[in-house]
Amino acid sequence: MDDVEIAKRLVRLY
Amino acid sequence: EADAERVRELLSDLDELHRRKYLLTDISIFMARWEEAVARRANKVEDKKGRFWEGRFHCQKLLDTASILAATIYVELNPLLANIVELPEYSQYTSLVKRLKLVHLASGHSMEHLMDSDKLEEQAMLKEDVENQSSPKLVTNVLVCEQFLPFGRHKYLKVLDYVSRRKRLGKSSTTATAEKLLVRLGVEPDRWRKTASTFEESYRLFAGSPELLSQTAVEKKKRCLHGMRTARYVYHP
């Protein structure tokens, strides 16, 4: 998983 | 969709991004964040404001074995009582299915056999020692949290069966086993059984025997605790 996808998921979670 | 600006913000500091990702490898932190996110969305959907959890979740302290057992069975039977499943063993998200798998693996027999046969229980109990040496990996998390009750999973399943379908069981051996165990725990089986299906209403913040509730009330400097009436009704004097 690339950083962009990780960032998206983190934003959705927080 | 994730807010684009916040995504950009996170991507501008990759160390922070990876730190946050790493934090989530801790299961406790992950669950806390995840539940918080779910609760926030649920609050939004139901148009609730104010306190974060808004009474949707609360703690109940379980003071003795009989109350731990009642609360556990209440949770396991929740999908059944809510008419989501036809049989408790069909529940997807309770530990019951995993417990049954363990029994299944230990005895080499199917669930139907377990529920109806006494001989099998004895066989399975004999095999429990063997099983301890080679625990099935499939269900390890249940193995870890199983020891919170001072009796084996076979007795636990009998009590669960007793609560979920007492009428159909009549005066069977399951009833006898369950009742004997419950008496040993200091409760009147039939009365206790009802609290196992209405646990949240039966007790509020604390659950246990009248003595333990009184003790807790003194500690908390309260005159009386909600649930005392239930406790007096359920527990043997």
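Going down the list, the sequences are from chains L and S.
Mapped onto my numbering, the consecutive letters of the first sequence carry residue numbers 3 to 16.
Mapped onto my numbering, the consecutive letters of the second sequence carry residue numbers 398 to 634.
All C-beta atoms in this analysis are idealised placements derived from N, C-alpha and C, irrespective of residue type, glycine included.
Please read all numbers here as calculations on a predicted model, not as lab measurements.
Check, Outcome
"Find the residues of chain L that neighbour S:D400, judging by a C-beta separation of less than 7 Å, and give them in chain order.", "V13"
"Per DSSP, which residues does S:L474 bridge with? Please list them.", "Answer by DSSP bridge pairing: none, since S:L474 is not bridged."
"Could you tell me the alpha carbon to alpha carbon distance between L:R11 and S:P634, rounded to whole angstroms?", "55 Å"
"So, is the C-beta of S:L420 closer than 7 Å to a C-beta in chain L?", "no"
"May I have the straight-line CA-CA distance separating S:R417 from S:E406, to the nearest angstrom?", "13 Å"
"Check whether the Cβ atoms of L:Y9 and S:L609 sit closer than 7 Å, and answer yes or no.", "Just to set this straight, residue 9 of chain L is Ala in the shown sequence, not Tyr. No, these two residues do not count as a Cβ contact at 7 Å."
"Per the DSSP calculation, S:A463 is bridged to which residue(s)?", "BP columns for S:A463 are empty, so no partner."
"In whole angstroms, what is the alpha-carbon distance linking S:R626 and S:T595?", "14 Å"
"Tell me the rounded alpha-carbon separation between S:E528 and S:G549.", "In this predicted model, S:E528 has a pLDDT of only 47, less than 50, meaning its place in the structure is not dependable enough to derive any value."
"So is S:E473 buried or exposed if we call it buried at 16+ other beta carbons inside 10 Å?", "buried"
"What does a CB cutoff of less than 6 Å around S:L420 pick up in its chain, not counting 5 residues either side in sequence?", "I426"
"Check S:F603 in the structure and name its three-state DSSP category.", "strand"
"How should S:T422 be labelled, buried or exposed, when 16 other C-beta atoms within 10 angstroms of its C-beta is the threshold for buried?", "exposed"
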